[in-house]
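S.K.: Sending over a structure as structure tokens; questions will come in a sec.
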Amino acid sequence: MHLYHQNRRETEINNMGKRIYLGIIYSITAICIIIGIIINVWDIPSLSWMSDSFKSKKNITFTENLEAFDYLDIDTSLGNVNVINGTSYSIEYKGNASYRPEYSVNSSTLKITQPDSASKIIKNIHLKNVKSELTITIPSDVTLTTVNCDINLGNSELTGIKGSDITSHVDMGNLTLSDCSFSQYNIDTNMGNIDISRCSFDTMQLDVDMGNASVQLPRSDAYGYNLETDMGNVNLYGTNYKRNCSYNTGAEKMITAKVNMGNIDIYE
Numbered sequence: 214m215h216l217y218h219q220n221r222r223e224t225e226i227n228n229m230g231k232r233i234y235l236g237i238i239y240s241i242t243a244i245c246i247i248i249g250i251i252i253n254v255w256d257i258p259s260l261s262w263m264s265d266s267f268k269s270k271k272n273i274t275f276t277e278n279l280e281a282f283d284y285l286d287i288d289t290s291l292g293n294v295n296v297i298n299g300t301s302y303s304i305e306y307k308g309n310a311s312y313r314p315e316y317s318v319n320s321s322t323l324k325i326t327q328p329d330s331a332s333k334i335i336k337n338i339h340l341k342n343v344k345s346e347l348t349i350t351i352p353s354d355v356t357l358t359t360v361n362c363d364i365n366l367g368n369s370e371l372t373g374i375k376g377s378d379i380t381s382h383v384d385m386g387n388l389t390l391s392d393c394s395f396s397q398y399n400i401d402t403n404m405g406n407i408d409i410s411r412c413s414f415d416t417m418q419l420d421v422d423m424g425n426a427s428v429q430l431p432r433s434d435a436y437g438y439n440l441e442t443d444m445g446n447v448n449l450y451g452t453n454y455k456r457n458c459s460y461n462t463g464a465e466k467m468i469t470a471k472v473n474m475g476n477i478d479i480y481e
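Take 214 as the starting number for the sequence shown in this note's numbering and just add one per residue.
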């Protein structure tokens, strides 16, 4: 009888801990939704005075051809980043002059940064005034060695890029890859979705804290899957699994996806 009550008490404690954990997660989600509504619907006019100094900054547009490179290193704090293929190496920026990127090509490495961006973001709450777009173009016949992207706030999109390995991190924003070819993918987002379509790979590691991970991939015995979500569902070619799915783990090519709060979808 004593053992029964002890086990029952442990079960109640565990259940209480789970309820507290879920309560915290739901509260964070609600706060994020409320902030999004305030920013996008009300446009937070009462805070717009904080960005007056940035309204006077003109928007700029520039395009510049670059020397050849095979290593791409991007570290930006605010704005969308696109990497596309074309006929030449070039960089294009459209947006607020305060966020003009600094860039250089040295030892076959293109390095792109934004100076003092963190402090500017804190001062400039009215983000609609500082929308920016950065586009890097790479010749379609070039295969890079490494792509490294670190985006704090903004969406990142790579289209038709080839390389050996890619590492990409987005704090807040979506990450999209289409028609790319890398041996190794190491992709993660803190708050945003990962969407990968028609990409070839040997190993693919996806990590999402809050958001969904989607991969368009043809059915093949060459692919194996380790898919796990703490709060969400896994869909593997139309078959739904609760929280996790491991399939064909001895395959030549592996996808490993871990989502804390969101869904995983593998589809054709």
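C-beta atoms are modelled at their ideal positions from N, C-alpha and C, and glycine is treated no differently.
1) Report all residues from its chain with a CB closer than 7 Å to the CB of residue 204; omit the five preceding and five following residues, and keep chain order.
2) Bridge partners for residue 395 per DSSP, in chain order?
3) Give me the Cα-Cα distance between residue 406 and residue 469, rounded to the nearest whole angstrom.
4) List the endpoints of the continuous beta strand (DSSP E) containing residue 465.
5) Among the residues of its own chain, which have a CB less than 6 Å from the CB of residue 365, if the five just before and after it don't count?
6) Tell me the rounded alpha-carbon separation between residue 295 and residue 348.
7) Determine, using beta-carbon pairs with one atom in the segment 350 to 364 and one in the segment 276 to 291, whether at least three such pairs fall under 8 Å.
8) Where does residue 284 sit, in a helix, a strand or coil, going by DSSP?
9) Out of curiosity, what's the CA-to-CA distance linking residue 451 and residue 480?
10) Taking a contact to mean a Cβ-Cβ separation below 8 Å, would you say residue 440 touches residue 412 in this structure?
11) Flag this pair as yes or no: are the beta carbons of residue 418 and residue 399 separated by less than 8 Å?
12) Assuming the contact rule is C-beta atoms closer than 8 Å, residue 312 and residue 292 should be a hit. Round their C-beta distance to whole Å, please.
13) Tell me the DSSP secondary structure of residue 435 in three-state form.
14) Answer with buried or exposed for residue 256, where buried requires no fewer than 16 other C-beta atoms within 10 angstroms of its C-beta.
15) Have a look at 308, 351 and 282 and flag the residue whose alpha-carbon is nearest the alpha-carbon of residue 271.
16) Measuring straight from C-alpha to C-alpha, what distance separates residue 426 and residue 446?
17) Using only alpha-carbon positions, find the residue among 474, 421, 442 and 473 that is nearest to residue 157.
18) Looking at C-alpha atoms only, which residue of 373, 433, 478 and 455 is the closest neighbour of residue 424?
19) Quick test of your reading: residue 386 and residue 410, contact by CB under 8 Å. State the CB separation rounded to the nearest angstrom.
20) Determine the closest residue to residue 306 out of 278, 356 and 283, with distance taken between C-alpha atoms.
M.R.: Let me spell this out:
1) Residue 204 falls outside the range modelled here, since the chain spans only 214 to 481, and no answer is possible.
2) Looking at the DSSP assignment, residue 395 forms a beta bridge with 376.
3) 16 Å
4) First-last for residue 465: undefined, no H or E at that position.
5) 290 and 384
6) Straight-line spacing of the CA atoms in residue 295 and residue 348 works out to 5 Å.
7) The segment 350 to 364 and the segment 276 to 291 touch, with no fewer than 3 CB-CB distances between them shorter than 8 Å.
8) strand
9) Taking the straight line joining both Cα atoms gives about 7 Å.
10) no
11) Closer than 8 Å, so yes.
12) 6 Å
13) coil
14) Only weak support exists for where residue 256 lies, its pLDDT of 41 falling under 50; the value from the coordinates is given anyway. Classification for residue 256: exposed.
15) 308
16) 11 Å
17) Here the chain has residues from 214 to 481 only, and residue 157 is not among them.
18) 478
19) Not a contact, Cβ separation roughly 18 Å.
20) 278
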